[in-house]
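These notes are about the structure you will find just below.
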Amino acid sequence: AVSMDLSSSQLTMTADPEVSEALMDSPEINRRKFSKTHRRRSLELSCMSLKIDLAESCTTLDTVRNELAISQLENEALGAEVETLETQMSEMRQKVSEQADLIRRLKRKSKEWALEKVNLRVQVESLQAECSRHKLETRRFADESARATEEAKEMNDIVNFMRVHTERIIFEKEEYKKQLSVVAGEETVEEVEGMHQSQQQKIRNWFGGKSEKEYTQEENKKYAGFQQEEADMEEESEKTQKVSSKEKKENAIVPGDEEAEERQNQDMNQNNDTELYERKMSSSSQDSSSEDAT
C-alpha cells in the first residue's frame with residue numbers, strides 16, 4: 001500500500017496505473033487537489049494584484065521620474081537664470097565702479113577748475129589794477145602833453161607876435177630913414193638909429209635878453225625835448241607792460257603750488273601799494289598845479 005502523505009506526482013511515479021486512478025478518485029486526493037487549485041488561484045490572484053501594484057508602482061515611478069526630469073530641467077533653467085543674474089550683477093557692479101570712478105574724476109576736476117577759477121580771478125584783478133595804473137599814466141601823459149601843447153601854442157603865439165612886432169619896427173625904421181632923406185633939419189640918422197636900438201633892446205628884454213632867433217631856437221629845442229620825453233615815456237610803459245606780462249606768465253598759479261600763490265599775493269599787494277602811491281603823487285601834482293595856476 002502507498003502512504004497517504006506522498007504527493008500525487010510521487011503516487012503517479014510509484015503506483016500502478018490502476019492504483020493511481022483509484023487514488024485520484026479518492027476524497028483526500030480531491031481535497032488536496034482543490035486546495036492546491038485554490039492556493040494556485042489565490043497565488044495567481046496575489047500575483048495579479050502584485051502585478052497591478054507593480055504596474056501602479058511603475059506608473060508612479062515613471063511619474064516620479066518625469067517629475068524629477070521636469071524638476072531637473074527647471075533646476076537647469078533656474079541655474080541658467082541664476083548665472084544670467086550673476087552676470088548682470090557683475091556688469092552692474094562694474095558699471096557702479098565705473099560711475100564711482102567718474103564721480104571721483106569729476107570731483108577732482110571740479111577742484112582743479114575751482115583753483116583755476118581762483119587763479120584767473122587773481123589774474124583778472126591784477127590786470128584790472130594794471131589797467132587802472134596804465135589809465136592813470138595815460139591820463140597823466142595826456143595832461144602833460146596837453147599842457148606842453150598849450151605852452152608850445154603860447155610860445156608860438158609870442159614868437160609870431162614878436163616877429164610881427166619886429167617886422168613893424170623894421171618897417172617903421174625904413175620909413176624913418178625915408179623921412180630923414182626927405183625931411184631935413186628934423187632928426188638926424190644917428191637919432192633914428194638910436195631909437196631903433198632902444199626898440200631892439202626892448203625886444204631883447206621881452207625875450208629875456210636874447211634875440212628873436214635865439215629865443216625861437218631854444219623854444220624849438222624845448223618842444224623837441226618834450227616830444228622826446230613823451231616818446232621815451234611811451235617806450236618805457238611798453239617795456240613795463242612786456243615785463244609785467246612776462247612776470248604774470250612766470251607767476252601763474254599752478255594748482256597746489258603754495259609758493260606761487262604767496263608770490264602772486266605779494267605782487268598784488270605791491271601793485272596795490274604802487275597804485276596808492278601813484279594816486280597820492282597824482283593828487284599832490286594836481287594840487288601843486290592848481291597852486292601854480294592860482
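Reading the sequence shown from the start, the letters are residues 1 to 294 in UniProt numbering.
Virtual Cβ for every residue (Gly too), placed ideally from N, Cα, C.
Distance between residue j and residue i (C-alpha atoms, nearest Å)
i: leucine 115; j: arginine 140; result: 37 angstroms
i: asparagine 66; j: alanine 77; result: 16 angstroms
i: alanine 152; j: histidine 134; result: 26 angstroms
i: glutamate 218; j: lysine 242; result: 36 angstroms
i: leucine 61; j: cysteine 47; result: 20 angstroms
i: leucine 136; j: aspartate 232; result: 17 angstroms
i: methionine 155; j: glutamate 144; result: 16 angstroms
i: glutamine 72; j: lysine 95; result: 34 angstroms
i: phenylalanine 161; j: cysteine 131; result: 44 angstroms
i: glutamate 175; j: arginine 163; result: 18 angstroms
i: glutamate 235; j: glutamine 228; result: 10 angstroms
i: lysine 51; j: threonine 37; result: 20 angstroms
i: threonine 84; j: isoleucine 70; result: 21 angstroms
i: methionine 89; j: glutamate 74; result: 22 angstroms
i: lysine 109; j: lysine 117; result: 12 angstroms
i: glutamate 167; j: alanine 129; result: 56 angstroms
i: arginine 104; j: lysine 111; result: 11 angstroms
i: glutamate 150; j: glutamate 172; result: 32 angstroms
Own chain residues within Cβ distance below 6 angstroms of residue i, not counting five before or after
i: threonine 240; result: none
beta-carbon residue i near the ligand ZN non-hydrogen atom, thresh 6 angstroms
i: glutamate 154; result: The ligand ZN is not part of this structure, which contains no ligands at all.
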